[in-house]
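Below: one structure, written as structure tokens.
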Amino acid sequence: MKSEPSEVSVDDVLAMPEATVPWFGVRNYLARNYMRDRMKVGDLVLFYHSSCPEPGVAGLAKVVSKAYPDDTQFDSKGKYFDPKATREEPRWMLVDIKVTKKTRLVSLAEMRAHPDLASMIVLQKGNRLSITPVTPDEYATVVGLTKKAAA
DNA sequence: GCCAACGTTGGC
DNA sequence: GCCAACGTTGGC
């Protein structure tokens, strides 16, 4: 799951109660569907920092809630307001994410260089989706990289 | 700031 | 339903 650290970083989440944050602001249907339809409490998450000087995985996290409506869609003054969403028929859903560990930053370049991650969706050319599925093997490989000395 | 690769919008 | 125009993402 991608987040811009200037908006919400791993450190920001660790400073929150329970180190937990609602994953607000997703406004892409496929990303929403992943949260709404495929994520379950306990699912493991790679917390990725994007649009920053050093993009890459910065922490490990897990899903700690089922999907529920993203409140920011109802805030008419906020940047995530959606005039077509209503309380009765919310358009955007989110899950709560708990950061379980801050890791050393595993850079995008480092992940691209690892042969076992060649098929990882987030690394594919043209991928812009802020939430993408990760296989158990890919997850384990990235966790392994977090434990290595910095490249 | 550039630009590839999308996703969305809206006229028809 | 088509598709051109436009907006966004995100690495570089």
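The working numbering runs 317 ahead of the 1-based position in the first sequence. Even for Gly, the Cβ is constructed at its ideal location relative to N, Cα and C.
State the beta-bridge partners of residue i as determined by DSSP.
i: M410; result: P386
i: Y365; result: K319 and V374
i: V380; result: I414
i: K419; result: G376
Determine the extent of the alpha helix (DSSP H) in which residue i is found, giving its start and end residues.
i: L425; result: L425 to A430
i: K328; result: Correcting the residue identity first, residue 328 is Asp in this sequence and not Lys. Residues V327 to L331.
i: P453; result: P453 to K464
i: L347; result: Y346 to N350
Less than 8 Å between C-beta atoms, sequence neighbours within five positions excluded: which residues of the same chain meet that for residue i?
i: D413; result: T337, V338, P339, W340, V380, V381 and S382
i: E321; result: H366, S367, S368 and C369
i: L425; result: P372, G373 and L440
i: Y456; result: L361 and L363
i: L434; result: M428, L440, E455, T458 and V459
i: V325; result: V338
For residue i, which residues in the same chain have their Cβ closer than 6 Å to its Cβ, ignoring the five residues on either side in sequence?
i: L462; result: V423
i: Y351; result: I448
i: K319; result: Y365, S367 and S447
i: M437; result: E455
i: P400; result: none
Note down, in chain order, each residue of its chain lying with its Cβ closer than 7 Å to the Cβ of residue i, except the 5 sequence neighbours on either side.
i: G342; result: T389 and Y397
i: V416; result: V327, V330, L331, A336, F364, G376 and A378
i: T420; result: V374, A375, G376, L377 and T463
i: F391; result: A402 and R404
i: R353; result: A384 and M410
i: V358; result: V380, V381, S382 and K383
Which first and last residues belong to the beta strand (DSSP E) in which residue i is found?
i: P339; result: T337 to P339
Since residue i contacts residue j with CB under 8 Å, what's their CB separation in whole angstroms?
i: Y385; j: M410; result: 6 Å
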